[in-house]
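End of the sequence shown sits at 424 in the numbering used here; the numbers just go up one at a time, nothing left out. Below you'll find the structure, written out as structure tokens, and then a few comments.
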Amino acid sequence: MKKAKNYKIEIIFSGFGGQGILFAGNLFALAGVLAGYHATFLPVYGPEMRGGTCNCTTIISQTEIASPVVKEPDVLVLLNLPSYLKFMPRLKKKGLAILNLDLIPEEVILKDDKLNQGKRILKIPMNSLSENIGYPQLANIVAIGALWATLKPFDKKYIEEALKKMLKGGKEGLLAPNLEAFKAGIEFLAKEKTK
Numbered sequence: 230m231k232k233a234k235n236y237k238i239e240i241i242f243s244g245f246g247g248q249g250i251l252f253a254g255n256l257f258a259l260a261g262v263l264a265g266y267h268a269t270f271l272p273v274y275g276p277e278m279r280g281g282t283c284n285c286t287t288i289i290s291q292t293e294i295a296s297p298v299v300k301e302p303d304v305l306v307l308l309n310l311p312s313y314l315k316f317m318p319r320l321k322k323k324g325l326a327i328l329n330l331d332l333i334p335e336e337v338i339l340k341d342d343k344l345n346q347g348k349r350i351l352k353i354p355m356n357s358l359s360e361n362i363g364y365p366q367l368a369n370i371v372a373i374g375a376l377w378a379t380l381k382p383f384d385k386k387y388i389e390e391a392l393k394k395m396l397k398g399g400k401e402g403l404l405a406p407n408l409e410a411f412k413a414g415i416e417f418l419a420k421e422k423t424k
């Protein structure tokens, strides 16, 4: 899937420490590199990680990337309420937010109607979907499936290749569950489009 010559997407991933946020951001960046893009991955380490929010930025671009820092992201992938409260105000006016409906209450999203005006918001029950396939710890990969299905910056085989590269050294048994979680995110969005 070839994008325009100046294609560039800036993403912030955020959630609780332990939700696999850094893994998700790194996975998407690696998939971008495998697809022939320039990509950066910048994890944020700090005191907020201890029981609070953990976040990272991923940039994928057709051209060289001057800085990995993202001030106003094109896309947010938010897995918990503290992340929503912290990052939603930074999303670009016509940006995309992929939200974990299991940990970000719908009433909070609706209350922020003015803040969210003009933004595309996808509400996905990431925890429920990952629990339904028997892997509750893979909500982050469900999110990657939804992100890929929405943006489609490259063929999905690059996510699969990136997972294979990242799940080596005794972790090969985790490949099938991760692929299943990725597929669950894609399928959820496909079902939503037909409603």
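Glycine included, C-beta positions come from ideal geometry on N, C-alpha and C. For clarity, every value in this text was computed on a predicted model and none was experimentally measured.
Item, Value
"One or two residues paired with F242 in a DSSP bridge", "C285 and V306"
"K394 and L259 closer than 8 angstroms at C-beta", "yes"
"Simplified DSSP state of P318, which is helix, strand or coil", "helix"
"DSSP state of V273 mapped onto helix, strand, coil", "strand"
"Where A295 sits in the DSSP three-state scheme", "coil"
"Extent of the continuous alpha helix (DSSP H) to which K412 belongs", "L404 to T423"
"I288 to T423 span [Cα, whole Å]", "30 angstroms"
"Of the residues L330, N356, S359 and L325, the one placed nearest Q346, counting alpha carbons only", "L325"
"Inside the region 317-405 only - beta strand (DSSP E) runs reaching at least 3 residues", "325-329 and 349-353"
"Under 8 angstroms between C-beta atoms of T286 and V299", "yes"
"From A264, H267, I240 and C283, residue whose alpha carbon lies closest to that of I440", "Residue 440 falls outside the range modelled here, since the chain spans only 230 to 424, and no answer is possible."
"Of the listed residues L314, R349, L408 and K321, nearest to E301 (C-alpha basis)", "K321"
"E264 - DSSP class collapsed to helix/strand/coil", "It is Ala, not Glu, that sits at residue 264 in the sequence shown. Reduced to three states, the DSSP call for A264 is coil."
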